Amino acid sequence: MMEARLSLVTLGVADLARSKAFYEAMGFKIAFANDQIVFLPMGGLVLALFGQRDLDADMARENAGHGHIALAHNTRSEAEVDAIIDHAVASGGSLLKAAHKADSGGYSGYFADPDGHAWEIAFNPHWTIDAEGRINMGS
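Right, dumping it as structure tokens:
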């Protein structure tokens, strides 16, 4: 059996240097980088940036393209949502959907990184986030 755990998320990127600079501008710290891959630790999870063609070859897939997936970052306040989305756009990302009140009582919006990978930035008033950034969904 496989443990219910996610260890690493790898994004296929068109320009590794551009993507590395974008994520550094967003506040991510680099644990390892070379001319093929960049590893960015994320509180127990690792985000990897890998050239699109190299990733396609590694998966033995041709032109894998973009999957229908959104990465998500939850915040402790609505103001943090706005600040992060504004910073992402100023750092080279693009606004996909302006932050807004959700029917669930939360607040969220979306930006895309320079390669089009979607990030949802959200505040959920029903969840708490501990000092290490882990979500507690309650019982």
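Position 58 (the sequence shown) corresponds to 58 in the UniProt record's numbering; numbering is contiguous.
Every residue gets a Cβ at the ideal spot worked out from N, C-alpha and C, and that includes glycine.
Computed from a prediction, not measured in an experiment: that's the story for all the values here.
Going by C-alpha to C-alpha distance, which of Val9, Trp119, Pro114 and Tyr110 sits closest to Phe22?
For the purposes of this step, residue 22 is identified with residue 22 of the sequence shown, where counting begins at 1. Of the listed residues, the one whose Cα sits closest to Phe22 is Pro114.
By Cβ distance below 8 angstroms, which residues in the same chain neighbour Lys20 in space, the five residues on each side in sequence not counted?
Against the sequence shown, residue 20 aligns to sequence position 20. Contacts found: Ile30, Ala33, Val38 and Leu49.
Kindly identify the DSSP beta-bridge partner or partners of Ser104.
The residue labelled residue 104 in the question sits at position 104 within the sequence shown. According to DSSP, Ser104 bridges with nothing at all.
So which of Glu132, His126, Val13 and Leu47 has the shortest CA-CA distance to Glu78?
Translated into positions along the sequence shown, residue 78 becomes position 78. Selected option, being the one with the closest Cα: His126.
For residue 145, does the count of other Cβ atoms within 10 angstroms reach 16, so buried, or fall short, so exposed?
There is no way to answer for residue 145, as the model of the chain reaches only from 1 to 139.
Any idea if Val89 is buried or exposed, counting beta-carbon neighbours within 10 angstroms, 16 or more meaning buried?
Within the sequence shown, residue 89 is the residue found at index 89, counting from 1. So Val89 counts as exposed.
Taking the alpha carbon of Leu55 as the reference point, which residue from Thr10, Ala102 and Asn136 has its own alpha carbon closest?
In the sequence shown, residue 55 corresponds to position 55, counting from 1. If we check each option's Cα against that of Leu55, Thr10 comes out closest.
Taking the alpha-carbon positions, what's the Glu120 to Met1 distance?
Working through the sequence shown from its first residue, we reach residue 120 at position 120. Working through the sequence shown from its first residue, we reach residue 1 at position 1. Cα to Cα, Glu120 sits roughly 31 angstroms from Met1.
Could you tell me the boundaries of the alpha helix (DSSP H) in which Lys126 lies?
Here residue 126 refers to the residue found at position 126 of the sequence shown. In the sequence as presented, Lys is not what sits at residue 126; that position holds His. It is not in any alpha helix (DSSP H) - His126 carries neither H nor E in the DSSP assignment.
Compare the C-alpha of Asn74 against each of Val13, Gln52, Ala131 and Arg5 and name the closest.
Counting from 1 along the sequence shown, the entry for residue 74 is found at position 74. The shortest Cα separation from Asn74 among Val13, Gln52, Ala131 and Arg5 belongs to Ala131.
Measure the alpha-carbon distance for Leu96 versus Ala112 and round it to whole angstroms.
What you label residue 96 is simply residue 96 of the sequence shown in a count that begins at 1. What you label residue 112 is simply residue 112 of the sequence shown in a count that begins at 1. Using only the alpha carbons, I get a separation of about 6 angstroms.
On the three-state DSSP scale, how would you describe Leu16?
As a working mapping, residue 16 is identified with position 16 in the sequence shown. Here Leu16 sits in helix by DSSP.
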